[in-house]
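In the numbering used here, the protein residues as written are 157 to 315.
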Amino acid sequence: SAGMLFAGGILRDFFGQTFAVIEELSVNLVIWAVMFFGGPVFKRGSHVGMEFLAERLHGTKRAVHQLILDIALLCICFLLLWKGVEVVQVIYDSGKTTHSGDLDVWYLMMAIPVGAAIYSAYGIAEIIKIICVFFDPGLSGKVFPARLGESEDAEGLAK
């Protein structure tokens, strides 16, 4: 996205050419990236969060707390998926294009339902992991590491 904007600046400043599609694509690529990578970030626990309550809970209490939060988030993802599909259908039927006229808006808006579906898949996987803690409390340390550095995913990211 930044490279596209840089190229657009070069074209505009040195060659007097400007392409609106470059700006439109760069903004929408950021939106697509956020929607697509939200699920993997959620799985790794790398998202921004307020853990002051969760850090005080241990074992089953922490699992119940996290399960409630994950179910609420999953409901929001399902709502976003459902409404995102509706929005895409309306925009597709309207035939709306971007200001430059080069891109169909429905294609860009697909980031919402596709990203929500990806996020939902990761959310379901996390809920399954938490439910497993109820059946095997020994998994609690692996599902809820005390610090990011103790999780297997964090070690993989550090290397």
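Glycine residues also receive a C-beta, built at the ideal position from the N, C-alpha and C atoms.
(request) Could you tell me which of G159, F171, Y275 sits nearest to L230, measuring between CA atoms? (result) The option with the nearest alpha carbon to L230 is Y275.
(request) Count the CB pairs spanning the region 277-284 and the region 221-229 that are closer than 8 Å, and state whether there are at least three. (result) With a cut-off of 8 Å, the region 221-229 and the region 277-284 count as touching, because enough Cβ pairs lie within range.
(message) By the three-class DSSP mapping on this structure, what secondary structure does D169 have?
(response) helix
(request) Identify whether T253 lies in helix, strand or coil by the three-state DSSP scheme. (result) strand
(message) Taking a contact to mean a Cβ-Cβ separation below 8 Å, would you say L237 touches A277 in this structure?
(response) no
(message) In whole angstroms, give me the CA-to-CA distance for G251 and Y263.
(response) If you take the alpha carbons of G251 and Y263, they lie about 11 Å apart.
(request) Determine, using beta carbons only, whether D260 comes closer than 8 Å to chain B. (result) The structure shown contains no chain B; it is built from a single protein chain.
(message) Quick check: the Cα distance between P269 and L209, rounded to an integer number of angstroms?
(response) 31 Å
(message) Just verifying my parser: in three-state terms, what is the DSSP assignment at D226?
(response) helix
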